[in-house]
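What follows is a single structure, written as structure tokens, with notes after it.
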Amino acid sequence: MLEFMHKHAKYFYVFFFLVIISFIFLYVGPLDKNQSPVVAEVGNEKIPIDEYWRAYDRFKKFYEEMYKGKFDKKMEEQLHLKQKVLETLIEGKILSIKAGELGLKVSDKELQEAIMNEPVFKRDGVFRRDVYLQTLRMNRLTPGYYESMKRQELLVDKMRALIGESVVLTDKDLKGLKGDESYFNAIRDAMLKDKQQKLIRSYVETLKKSINVKVNTKLIS
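For the sequence shown, counting from 1, position 29 maps to 30 in the working numbering; every step adds exactly one.
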């Protein structure tokens, strides 16, 4: 079993990395009017430095919890964490721009359901508006800004799903895959996500040729 897990460790890593993406939007972003220096410009969209550092903190916290105290500066550098955060934010902006061009939208109902299903806004399994507002205040976010940010997150998710739905696992992909049912399913799902992410990354790289991207890496060095 350990040999099996080691052999497919890269797929577990991909799965955990993709999980992190879902955390980026929850506590990133400053107040509605941001005057911070810009670390990247993607078309007409900007990524302020404080938005970057908040996303970075979420990534770092995730890794610290996953590695239980073993995540140090050396490991952070080996993972190229700062660059990964920036690439993920840029990817999100590019996919958001393309989704808009394709006419994809997030309805008010979809937005409301997503917010009400956020665990952080629930108590005893039930959405609480007072908890929602208090959480936003603690993070210096207005409801209007957060809901706009959440809508963008959902739009990017739709775009990712649209790209990824064409990906399938072949018999060749699954050849030699062993383990009990739970591990088999976990590896299979992670392999599928890996292929989807590679396709999304390739798609984003193609879009970069038509979308002007400027990066000021000195701000995060």
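All C-beta atoms in this analysis are idealised placements derived from N, C-alpha and C, irrespective of residue type, glycine included.
Can you give the Cα-Cα distance for residue i and residue j, rounded to whole angstroms?
i, j, result
"Leu134", "Thr143", "8 angstroms"
"Glu88", "Arg138", "28 angstroms"
"Ser23", "Ser211", "With a pLDDT of only 48 at Ser23, under 50, the local geometry of the prediction cannot be trusted, and no value is derived from it."
"Thr207", "Arg129", "42 angstroms"
"Ile201", "Gly165", "7 angstroms"
"Lys159", "Gln198", "14 angstroms"
"Arg152", "Gly44", "19 angstroms"
"Asn227", "Ser149", "Residue numbering for the chain in the displayed model covers 2 to 222; residue 227 lies beyond these limits and cannot be assessed."
Hey, could you find the ends of the alpha helix (DSSP H) residue i is sitting in?
i, result
"Ile48", "Not the alpha helix (DSSP H): Ile48 falls in the beta strand (DSSP E), residues 46-49."
"Val107", "Here Val107 belongs to no alpha helix (DSSP H), and DSSP marks it neither H nor E."
"Ile164", "144-165"
"Phe227", "For the chain, the structure presents residues 2 to 222; residue 227 sits outside this window and is missing."
"Ser37", "Careful: Ser37 lies outside any alpha helix (DSSP H) and carries neither H nor E."
"Asn186", "182-208"
"Ile98", "82-102"
"Lys176", "Premise fails: Lys176 is in no alpha helix (DSSP H) and is neither H nor E."
Could you pull the DSSP bridge partners for residue i from this structure?
i, result
"Glu42", "Lys47, Lys215"
"Arg138", "Per DSSP, none; premise fails for Arg138."
"Lys123", "Phe128"
Applying the criterion that 16 or more other CB atoms from any shown protein chain within 10 Å of the CB defines a buried residue, is residue i buried or exposed?
i, result
"Ala56", "buried"
"Ser97", "buried"
"Leu156", "buried"
"Leu49", "Looking at the sequence provided, one finds Pro at residue 49 rather than Leu. Looking at its Cβ environment, which holds 16 or more other Cβ atoms inside 10 Å, Pro49 is buried."
"Val205", "buried"
"Gln113", "exposed"
"Leu175", "exposed"
"Leu32", "Reliability fails at Leu32, whose pLDDT of 44 lies under 50, so the model's placement of it is uncertain and the value that follows must be treated cautiously. So Leu32 counts as exposed."
"Tyr68", "exposed"
"Gly93", "buried"
"Lys173", "exposed"
"Leu90", "buried"
"Ala162", "exposed"
So residue i packs on residue j, CB below 8 angstroms; how close in whole Å?
i, j, result
"Ile95", "Lys196", "Not confirmed; about 20 angstroms, so no contact."
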